[in-house]
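K.L.:
This structure is in structure tokens; I'll ask about it shortly.
Residue numbers (the working numbering): 20 to 217.
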């Protein structure tokens, strides 16, 4: 088992990281930096690892896509957070994937219910860049009028985001990470494709 370091000051650093994540969730599309780690648990980047160290515990099962589920990640995730590694996406509170996203994954995650909308999953997606992709227009809570973003997302995910009939309390939250940077597209955010494609 290969263990990597976590936060130097676990309580203080997790609190600081949580504040940055709260900013990202309350201001969809705004990029925040999570720079409290020297490196992530490869192949996970710094931001993805920081999210796991901050939000995951023994009550929040994590599903890892096969490409990211190596022994280093599994060992460190269990050791530092006490979480259970979920066997299937529908068991997970957090799902971790990269740009080679299975198009069926978002639909397999928990979307909450009318009675318990908070029982929805968060998809943490590592992407090659948070810019240079299809232009997307975000509207909704936390956005004064609109916010334009262009992360490099799989086309299947872009279509799924744009096809949401209405943004509301049901659905999945999306955290996009690249290196030590992150932006959020909460389930309450409406997404429109603002360009005609590549």
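We put the beta carbon where it would ideally sit given N, CA and C, even for glycine.
1. My output table needs one value for residue 91: the three-state DSSP class, helix, strand or coil.
2. DSSP beta-bridge partners for residue 195?
3. Contact check, residue 168 vs residue 202 under 8 Å by CB: the rounded distance?
4. Do you know how far the Cα of residue 65 is from the Cα of residue 53?
5. Could I get the ranges of all uninterrupted alpha helix (DSSP H) runs contained in the segment 94-144, with 4 residues as the minimum, in chain order?
6. In this structure, how does DSSP classify residue 183 when only helix, strand and coil are distinguished?
7. Comparing alpha-carbon positions, which option in 177, 146, 144 and 143 lies nearest residue 157?
8. Below 8 Å between beta carbons: does that hold for residue 26 and residue 63?
9. Flag this pair as yes or no: are the beta carbons of residue 194 and residue 146 separated by less than 8 Å?
10. If I measure Cβ to Cβ from residue 75 and keep anything under 7 Å in the same chain, skipping five residues before and after, which residues do I get?
11. Can you pull the DSSP bridge partners for residue 52?
12. With DSSP collapsed to three states, give me the class of residue 212.
13. So, for residue 173: in the same chain, excluding its five sequence neighbours on each side, which residues have a beta-carbon less than 7 Å away from its beta-carbon?
P.N.:
This is what the structure holds:
1. In the structure shown, residue 91 falls within a helical segment according to DSSP collapsed to helix, strand and coil.
2. 144 and 202
3. Contact flag correct, Cβ pair sits at about 7 Å.
4. 7 Å
5. 124-127
6. Per DSSP, reduced to three states, the secondary structure at residue 183 is coil, with no helix or strand assignment.
7. 177
8. no
9. no
10. Contacts found: 81, 100, 102 and 113.
11. DSSP, once it has assigned bridges, lists 200 as partnering residue 52.
12. In the three-state scheme derived from DSSP, where H, G and I count as helix and E and B as strand, residue 212 is classed as strand.
13. 118 and 120
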